[in-house]
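Peer 1: Plus 900 on top of the position in the sequence shown (first one is 1) and you've got the working numbering.
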Amino acid sequence: MFGSRFAKLAQQNSGAWKAGLAVIVAGATFKVVYFSFSRGLVVEHMDRRHHAATEHLQSARNFGDKMAREREDSSPPLTPEQREQLHQYLEMMRESQPDVYPLESSSRRR
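1. Could you please give the first and the last residue of the uninterrupted alpha helix (DSSP H) stretch that includes Asn962?
2. Roughly how many angstroms separate the alpha carbons of Arg905 and Lys931, rounded to a whole number?
3. List the whole-angstrom C-beta distance separating Leu978 from Leu986, where the pair is believed to meet the contact cut-off of C-beta under 8 Å.
4. Which residues mark the beginning and the end of the alpha helix (DSSP H) in which Leu990 is found?
5. Quick check on Leu1003: does DSSP put it in helix, strand or coil?
6. Using C-beta distances below 8 Å, list every residue in its chain close to Leu1003, excluding the 5 sequence neighbours before and after it, in chain order.
7. One question on the structure: do Trp917 and Ala907 come within less than 8 Å of each other, judged by their Cβ atoms?
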């Protein structure tokens, strides 16, 4: 009973059903195209930013290495007495502030 009444209504309103289906298909198509396009823009923008950031990081590292070499070259080497004083100072700071000055591994000490 219900099925036959619904079938008659569906046949009578076939134009409305077709229009509704066309709206749904058009909306889904627009959504897929729009999000694919916007995703492409976002990915392209992030790739450009990442490339620029890695270039900047590399130049900053190179500059830091250059400045460190210049400092090493311009400063006189420590005497054994100065090296011992520096070691004592670092031990004292490590004991008073263990979070700031963590325990060094033996391979890093000179």
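Glycine residues also receive a C-beta, built at the ideal position from the N, C-alpha and C atoms.
Peer 2: Reading off the structure:
1. 914 to 974
2. 35 Å
3. 7 Å
4. 980 to 996
5. coil
6. Arg994
7. no
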